[in-house]
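Engineer:
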Amino acid sequence: MYRIDSEIQDGNLFTPEGRDLFMGSDLERDVADIRLKLEAVHEELLRFAERSNQQHLSSILDGCRVDYSRAILGYALDEIEGGLEANMVGDCQMKAVCKALFSDLLKGNLHHIKAGGISEEAIGGARSKMEDMRRKAPREECARCFSEAGRLLEKQVDLFRSLRVYRDPDIERGSIEDLDEEGAVRGLLDPLGSGQRLQIMKALALETKSFSALSKLTGLRGGNLLFHLQKLSEARMIIQRHERGDYMITARGYKALQGISELYSDLFDLGAGEEREVSPPPARI
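Residue numbers (the UniProt record's numbering): 1 to 285.
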């Protein structure tokens with residue numbers, strides 16, 4: 001640029017050499033602009049491809065969940081029908097009536113598999129209803145039928161536990177007693193104990209992001225942003241695809257973020273930000 005100014009001052013801009021110099025400078029600027037625009041387009045195409053891949057993966061996972069739920073429900077329904085038919089008293093006039101009552105009670109629990117959760121109250125309600133029916137049983141032979149229905153009910157509870165749609169309060173209390181304080185702080189509370197790191201985690205839960213995109217999102221630059229990313233990476237909450245690649249949340253990180261969201265919803269009124277009253281489970285005797 002200094003050379004161009006000097007050519008103008010010397011009056012040489014309109015010579016062939018001056019025109020070539022001026023046009024060359026313009027060309028360099030145009031090439032630089034084009035390069036920047038191409039880089040922006042390339043980055044946008046990468047983001048689009050990543051979003052498309054994530055959406056495709058999500059649709060596959062959703063389909064797997066639906067198919068898996070159908071298979072589990074089919075198995076559970078067959079177990080109810082087969083168990084009651086084979087193990088209830090065969091020569092009882094009330095068999096059809098009692099079988100229908102047991103079947104309705106047991107099948108009514110299965111919709112919780114699709115719902116993704118069942119409460120302790122619902123489990124307790126099913127057990128209480130079964131016990132009420134048992135007390136009203138008119139004959140001693142009824143004990144065999146109730147034994148089978150009770151077995152199927154407890155087998156359902158075991159299924160709910162294995163699918164993680166139900167957790168016993170005693171098991172949850174035991175996990176609190178066994179909690180490793182140092183490990184919890186080091187592996188969970190410290191890495192996520194920052195508003196900026198939570199902001200990063202929330203963003204990565206939706207899509208992968210580059211370092212520059214996270215910098216723009218958080219307002220952090222260079223080493224400051226790198227510090228937070230390293231904290232999350234060391235705790236295995238996020239990973240970087242490759243050197244200079246995008247960052248993405250891990251299954252561990254997503255589960256931790258989901259747990260924080262659920263805990264916050266349970267403890268606070270999200271609309272008003274007011275703390276809710278939460279009663280601890282009764283102590284075991």
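C-beta: ideal position from N, C-alpha, C; glycine also. The structure displayed is predicted, hence computed values, not measured ones.
Thinking C-beta only, is residue 197 closer than 9 Å to residue 232?
Structural biologist: Taking the first residue of the sequence shown as 1, we reach residue 232 at position 232. Taking the first residue of the sequence shown as 1, we reach residue 197 at position 197. It is a contact, given that the beta carbons lie within the stated cut-off.
Engineer: Please determine if the region 203-220 and the region 249-267 are in contact, where contact requires at least 3 C-beta pairs separated by less than 8 Å.
Structural biologist: Enough Cβ pairs lie closer than 8 Å, so yes.
Engineer: Compare the Cα-Cα distances from residue 249 to each of 210, 125, 221 and report the closest residue.
Structural biologist: Along the sequence shown, read from residue 1 onward, the residue named residue 249 stands at position 249. Of the candidates 210, 125, 221, the one whose C-alpha sits nearest the C-alpha of residue 249 is 210.
Engineer: What do you reckon, are the CB atoms on residue 156 and residue 76 nearer than 9 Å?
Structural biologist: Residue mapping note: residue 156 aligns to position 156 of the sequence shown, counting from 1. Residue mapping note: residue 76 aligns to position 76 of the sequence shown, counting from 1. Yes, the Cβ-Cβ distance between residue 156 and residue 76 is below 9 Å.
Engineer: Can the beta-carbon of residue 153 be found less than 9 Å from the beta-carbon of residue 130?
Structural biologist: In the sequence shown, the residue the question calls residue 153 occupies position 153. In the sequence shown, the residue the question calls residue 130 occupies position 130. Contact flag set, yes.
Engineer: What does the Cβ neighbour count give for residue 242, buried or exposed, with the cut at 16 atoms within 10 Å?
Structural biologist: Numbered from its first residue, the sequence shown carries residue 242 at position 242. Flag for residue 242 reads exposed.
Engineer: Could you tell me whether the region 134-151 touches the region 76-92, where touching means 3 or more Cβ pairs closer than 8 Å?
Structural biologist: At 8 Å Cβ cutoff, the stretches touch.
Engineer: Could you check what DSSP says for residue 118 in three-state terms: helix, strand or coil?
Structural biologist: Reading the sequence shown from its first residue, position 118 is the one you call residue 118. Of the three classes helix, strand and coil, the one that applies to residue 118 here is coil, per DSSP.
Engineer: Identify the continuous beta strand (DSSP E) that holds residue 201 and give its terminal residues.
Structural biologist: In the sequence shown, counting from the first residue as 1, residue 201 sits at position 201. From DSSP, residue 201 is part of no beta strand (DSSP E) but of the alpha helix (DSSP H) over 195-206.
Engineer: In three-state DSSP terms, what is residue 240?
Structural biologist: Indexing the sequence shown from 1 puts residue 240 at position 240. Here residue 240 sits in strand by DSSP.
Engineer: The beta strand (DSSP E) with residue 247 in it runs from where to where?
Structural biologist: Residue mapping note: residue 247 aligns to position 247 of the sequence shown, counting from 1. Counting along the chain, the beta strand (DSSP E) containing residue 247 begins and ends at 247-249.
Engineer: Could you name each continuous beta strand (DSSP E) segment of 3 residues or more that falls completely within the region 82-110, going from the start of the chain to the end?
Structural biologist: Counting only runs of 3 or more, we get nothing.
Engineer: Give me the DSSP bridge partner(s) of residue 209.
Structural biologist: Numbered from 1 along the sequence shown, position 209 holds the residue referred to as residue 209. Answer by DSSP bridge pairing, in chain order: 247.
Engineer: Buried or exposed for residue 106, going by 16 or more other Cβ atoms inside 10 Å?
Structural biologist: Translated into the one-based positions of the sequence shown, residue 106 becomes position 106. It counts as buried.
Engineer: Give the single residue among 124, 161, 139, 73 whose Cα lies nearest to the Cα of residue 89.
Structural biologist: Taking the first residue of the sequence shown as 1, we reach residue 89 at position 89. The candidate whose alpha carbon is nearest that of residue 89 is 139.
Engineer: According to the neighbour-count rule (16 or more other Cβ atoms, all chains shown, within 10 Å of its Cβ), is residue 3 buried or exposed?
Structural biologist: The residue you call residue 3 lines up with position 3 of the sequence shown. Per-residue confidence for residue 3 stands at a pLDDT of 49, beneath the threshold of 50, marking its modelled position as unreliable; the derived number appears in the next sentence. Flag for residue 3 reads exposed.
Engineer: Per DSSP, which one or two residues make a beta bridge with residue 146?
Structural biologist: Here residue 146 corresponds to residue number 146 of the sequence shown, with the count starting at 1. Bridge partners of residue 146: none, in fact.
Engineer: Taking residue 237 as the reference, which of 191, 221, 166 has the closest Cα?
Structural biologist: Within the sequence shown, numbered from 1, the residue matching residue 237 stands at position 237. Of 191, 221, 166, the residue nearest in Cα terms is 191.
Engineer: By alpha-carbon positions, which one of 158, 102, 230 ends up nearest to residue 144?
Structural biologist: Position 144 of the sequence shown, counting from 1, holds the residue named residue 144. When each option's Cα is compared against that of residue 144, the closest is 102.
Engineer: If we ignore side chains and look at the alpha-carbon of each, how far apart do residue 36 and residue 244 end up?
Structural biologist: Here residue 36 refers to the residue found at position 36 when the sequence shown is read from its first residue. Here residue 244 refers to the residue found at position 244 when the sequence shown is read from its first residue. Near 18 Å, if we compare the C-alpha coordinates of residue 244 and residue 36.
Engineer: Since residue 218 contacts residue 246 with CB under 8 Å, what's their CB separation in whole angstroms?
Structural biologist: Here residue 218 refers to the residue found at position 218 of the sequence shown. Here residue 246 refers to the residue found at position 246 of the sequence shown. With a Cβ gap of about 15 Å, residue 218 and residue 246 do not count as contacting.
Engineer: If you compare alpha carbons, which of 98, 92, 97, 109 is closest to residue 73?
Structural biologist: As a position in the sequence shown, residue 73 is number 73, starting the count at 1. When only C-alpha atoms are compared, the closest one is 109.
Engineer: Going by C-alpha distance, which of 142, 120, 159 is nearest residue 94?
Structural biologist: If you number the sequence shown from 1, residue 94 lands on position 94. Selected option, being the one with the closest Cα: 142.
Engineer: Could you work out which residue in 183, 97, 79, 123 is closest to residue 235 when comparing CA atoms only?
Structural biologist: On the sequence shown, residue 235 is found 235 positions in, with the first residue counted as 1. Checked all of 183, 97, 79, 123; the closest Cα to residue 235 is 183.
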